[in-house]
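Chains as they are written, first to last, in this note's numbering: chain A, 1 to 194; chain B, 1001 to 1194. Quick reminder that beta carbons are idealized off the backbone N, C-alpha and C, glycines included.
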DNA sequence: GTCTATACGCCGATAGAC
DNA sequence: GTCTATCGGCGTATAGAC
């Protein structure tokens, strides 16, 4: 055959990456296969040689987006200080504006609710991955009244809620205030549970 | 004319209400004008006698949804105990499953991010309304290190984040755990800032 | 594997009868 | 004001050449 297996793999990966960026930015319904393929430097006809449907691509794109996002990309050798650093990055305007690879949990939260179980399973896997990673770090210095996993969940829902809301608000000043308030609140929460 | 002004007003209201329910449940893109009008007991042709576009309907539907939602409908004569009651209702499975009129902040958060400034303004107004209402109650018994408005924001972003994520997760047990954890965390937060 | 071309359906919005 | 009918556009997915 005129195309190597590696070439196919690379094409597939380009599609996955393009999809991760575009779906996060515009949502599932407002991104067409034609747009994704153009972003991946191909035409729409080639799509179905790599994925069986747009929905299946979505499911994979969520995991791709997660792999590139803050907490995974910089989440090696995590400790309390690094968590605080990541919280600040997560709750930053560049993240909200998707100038860095965004967290799909925050950018796609309500979008996932309308999709099939396969897509939801991807979202849930990313969510659990983030919780597990955080709770491992928080475990060794945990307060008496709150388990590490529960604390990690508090953290994540606040992060996700804040960024979701900030993206849906037009006023830049209100965005910044919101981000800063959550930042202060979460750091306070972490300090008090050392 | 064969139709009274009141009749027109009622039709318009039926459309608004139908839109509020359907948009919250399925999102903007996955609801057609035909569906909304069918839900409002009319045919699609009549739509543009009441609204100038689907986007304008969305903007109004967000406010309609907010008016019916928990914190507004039961938010009169608020106090700390009632806030705790509303938190429990908000973080309940019937709310997540939209068996009661849902909060548009949680059900539409990422959906709004892709719309125009007019829609975002509606979302922001609902958000600010909720923050203001809560912070008034929290103001008289505020802790030294955290303003009432900031505390109210912590509350809302946790509520919104939790319900958004819970809707996007398939496993009912994980949903319930998530809801319960946030419930505990927020009640703890409120008690500690009396 | 990737291309161009197209089948087929749905949607937002408009036109005109009643 | 509400109806039926339709326009124009775009979407997913497929077919067939190379």
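DSSP on residue i, reduced to helix/strand/coil?
| i | result |
| --- | --- |
| residue 1070 of chain B | helix |
| residue 1076 of chain B | coil |
| residue 1190 of chain B | helix |
| residue 35 of chain A | helix |
| residue 1099 of chain B | coil |
| residue 144 of chain A | Unreliable positioning characterises residue 144 of chain A in this predicted model, as indicated by a pLDDT of 48, which lies under 50. The coordinate reading is nonetheless provided below. DSSP places residue 144 of chain A in coil when its eight states are reduced to three. |
| residue 182 of chain A | helix |
| residue 10 of chain A | helix |
| residue 168 of chain A | coil |
| residue 1004 of chain B | coil |
| residue 1081 of chain B | helix |
| residue 1124 of chain B | helix |
| residue 1045 of chain B | helix |
| residue 154 of chain A | helix |
| residue 1027 of chain B | coil |
| residue 109 of chain A | helix |
| residue 63 of chain A | helix |
| residue 175 of chain A | helix |
| residue 16 of chain A | helix |
| residue 89 of chain A | helix |
| residue 1057 of chain B | helix |
| residue 1117 of chain B | helix |
| residue 1052 of chain B | coil |
Using the Cα positions of residue i and residue j, report the straight-line distance between them to the nearest angstrom.
| i | j | result |
| --- | --- | --- |
| residue 1139 of chain B | residue 1147 of chain B | 8 Å |
| residue 198 of chain A | residue 1190 of chain B | In the structure as shown, chain A begins at 1 and stops at 194. Residue 198 of chain A is therefore absent and cannot be evaluated. |
| residue 119 of chain A | residue 1133 of chain B | 36 Å |
| residue 109 of chain A | residue 154 of chain A | 16 Å |
| residue 12 of chain A | residue 1114 of chain B | 27 Å |
| residue 38 of chain A | residue 46 of chain A | 11 Å |
| residue 1105 of chain B | residue 136 of chain A | 31 Å |
| residue 198 of chain A | residue 1066 of chain B | Residue 198 of chain A is absent from the model: chain A starts at 1 and stops at 194. |
| residue 1129 of chain B | residue 1049 of chain B | 30 Å |
| residue 182 of chain A | residue 1192 of chain B | 17 Å |
| residue 1172 of chain B | residue 125 of chain A | 14 Å |
| residue 103 of chain A | residue 64 of chain A | 10 Å |
| residue 1076 of chain B | residue 1156 of chain B | 18 Å |
| residue 1023 of chain B | residue 3 of chain A | 45 Å |
| residue 1031 of chain B | residue 1060 of chain B | 15 Å |
Does any residue of chain B have a CB that is nearer than 8 Å to the CB of residue i?
| i | result |
| --- | --- |
| residue 26 of chain A | yes |
| residue 135 of chain A | no |
| residue 86 of chain A | no |
| residue 23 of chain A | no |
| residue 44 of chain A | no |
| residue 150 of chain A | yes |
| residue 132 of chain A | no |
| residue 178 of chain A | yes |
Give the residues of chain B in contact with residue i, contact being defined as C-beta atoms less than 9 Å apart.
| i | result |
| --- | --- |
| residue 117 of chain A | 1170 |
| residue 174 of chain A | 1124, 1127, 1128 |
Name, please, each residue of chain A whose Cβ falls closer than 8 Å to the Cβ of residue i.
| i | result |
| --- | --- |
| residue 1120 of chain B | 168, 169, 170 |
| residue 1039 of chain B | Those within 8 Å of residue 1039 of chain B in chain A number zero; the least Cβ separation is about 17 Å. |
Which bits of chain A does residue i rub up against, with CB to CB less than 9 Å?
| i | result |
| --- | --- |
| residue 1018 of chain B | Residues of chain A passing the Cβ test: none, with the nearest at roughly 18 Å. |
Using a C-beta cutoff of 8 Å, does residue i count as contacting chain A?
| i | result |
| --- | --- |
| residue 1061 of chain B | no |
| residue 1090 of chain B | no |
| residue 1187 of chain B | no |
| residue 1095 of chain B | no |
| residue 1108 of chain B | yes |
| residue 1079 of chain B | no |
| residue 1193 of chain B | no |
| residue 1144 of chain B | Low per-residue confidence applies at residue 1144 of chain B: pLDDT is 47, beneath 50, and the placement is therefore not dependable, though the value from the model is reported in the following sentence. With 8 Å as the cut-off, residue 1144 of chain B does not count as an interface residue toward chain A. |
What in chain B is Cβ-close to residue i, meaning under 7 Å?
| i | result |
| --- | --- |
| residue 6 of chain A | Per Cβ cutoff of 7 Å: no residues; residue 6 of chain A is ~35 Å from chain B at best. |
| residue 29 of chain A | 1029, 1030 |
Find the residues of chain A that neighbour residue i, judging by a C-beta separation of less than 7 Å, and give them in chain order.
| i | result |
| --- | --- |
| residue 1112 of chain B | 168 |
Show which residues of chain B have a CB atom less than 8 Å away from the CB atom of residue i.
| i | result |
| --- | --- |
| residue 182 of chain A | 1153, 1154, 1157 |
Mind listing which residues of the segment 152 to 164 of chain A have their C-beta closer than 8 Å to chain B's C-betas, in chain order? Residues passing the 8 Å Cβ filter: 153, 154, 156, 157, 158, 159, 160, 161, 162, 164.
Using a Cβ-Cβ cut-off of less than 9 Å, give me the residues of the segment 46 to 57 of chain A that come near chain B, in sequence order. Along the segment 46 to 57 of chain A, there is no position whose C-beta sits under 9 Å from a C-beta of chain B.
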